[in-house]
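*Asks:* Residues -18 to -1, 1 to 146 in mature numbering (1 follows the signal peptide of the UniProt record, and there is no 0) are what the sequence shown lists, from first letter to last. Note that the Cβ used here is the ideal one computed from N, Cα and C, for glycine as well. My questions all concern the structure below.
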Amino acid sequence: MKFLILLAIILQIALVYCGSELDVPTNVHNRSMSIKGQLFCGRKPFEGAKVRLFRVYQPNAADNIAELLDVKNTYITGMFQVEGDTSRFPRTKTEIQPYVTIHHNCNMNNKETSNQGYKRIGVRLPEDYVTLGTKARKVYDFGKLNLELEFPGETHDTKFTFAD
């Protein structure tokens, strides 16, 4: 028992004096997240929706690009998979509180889209699917989503363009 106490004291002293010089592998700090799903407009798969994965949700900053982990457009099948990690962020910003946005124009013609903007849905995701390292070890299955529905908090984003 005395040995364990002595060992703990020695480790604490070593950390105080050497802690800033320890070379901790960067992948210990990295976090990653992966999401897959399929989007529909009615009964047809919706091609071309933009799905963005953000590191954290920020209520006062609409789609803060600095927090973007990944972005993809849905395929002809309506399917998407976004995956990102925090390797490009400083070590103080490696926490992930996953948030995904979907921009689309389901059931809108070009005139409506140019006047009202693209529809925007934002969803917070469970943190249980965030894993250590730069490669996600779990995939959150978003499931199938019909974009014809009007979702709580859905807005029209007039500033959004697909070039973003």
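Using the C-alpha atoms, what's the distance from PRO80 back to residue 147?
*Replies:* As shown, the chain starts at -18 and ends at 146. That puts residue 147 outside it, with no answer to give.
*Asks:* Leaving out five residues before and five after SER16 in sequence, what residues of the same chain have Cβ atoms less than 6 angstroms from its Cβ?
*Replies:* Closer than 6 angstroms at Cβ, skipping near neighbours: GLU65, ALA118 and VAL121.
*Asks:* For VAL112 and ASN55, I'd like the C-alpha separation in whole angstroms.
*Replies:* Taking the straight line joining both Cα atoms gives about 22 angstroms.
*Asks:* DSSP three-state call for GLU109: helix, strand or coil?
*Replies:* Three-state result, GLU109: helix.
*Asks:* Under the DSSP definition of a beta bridge, which residues are partnered with ARG102?
*Replies:* ARG102 is bridged to HIS85 and THR137.
*Asks:* Excluding sequence positions up to five away, which residues of its chain have a Cβ less than 6 angstroms from the Cβ of ARG13?
*Replies:* Answer for ARG13: THR68, THR76, ILE78 and VAL112, listed in chain order.
*Asks:* Can the beta-carbon of ARG102 be found closer than 9 angstroms to that of ASP139?
*Replies:* Going by C-beta atoms, ARG102 is nearer than 9 angstroms to ASP139.
*Asks:* Return the Cβ separation of LYS26 and PHE144 in integer angstroms, given the expectation that the two are a contact with Cβ distance under 8 angstroms.
*Replies:* Not confirmed; about 19 angstroms, so no contact.
*Asks:* In or out: GLY125 buried (at least 16 other Cβ within 10 Å) or exposed?
*Replies:* Per the 10 Å Cβ criterion, exposed.
*Asks:* Roughly how many whole angstroms lie between the Cα atoms of CYS88 and LEU50?
*Replies:* Rounded to whole angstroms, CYS88 to LEU50 spans 24 angstroms at the Cα level.
*Asks:* Could you tell me the distance, in whole angstroms, from the CA atom of ASN92 to the CA atom of GLN20?
*Replies:* Distance between the alpha carbons of ASN92 and GLN20 is about 23 angstroms.
*Asks:* For GLU132, which of GLY104, THR116, PHE142 and PHE36 has the nearest alpha-carbon?
*Replies:* Closest option to GLU132, Cα to Cα, is GLY104.
*Asks:* Just to confirm before moving on: does the CB-CB distance between residue 147 and GLY99 stay below 9 angstroms?
*Replies:* Not covered by the structure: residue 147. The range shown for the chain is -18 to 146.
*Asks:* Does DSSP put ILE78 in a helix, a strand or coil?
*Replies:* It is coil, neither helix nor strand.
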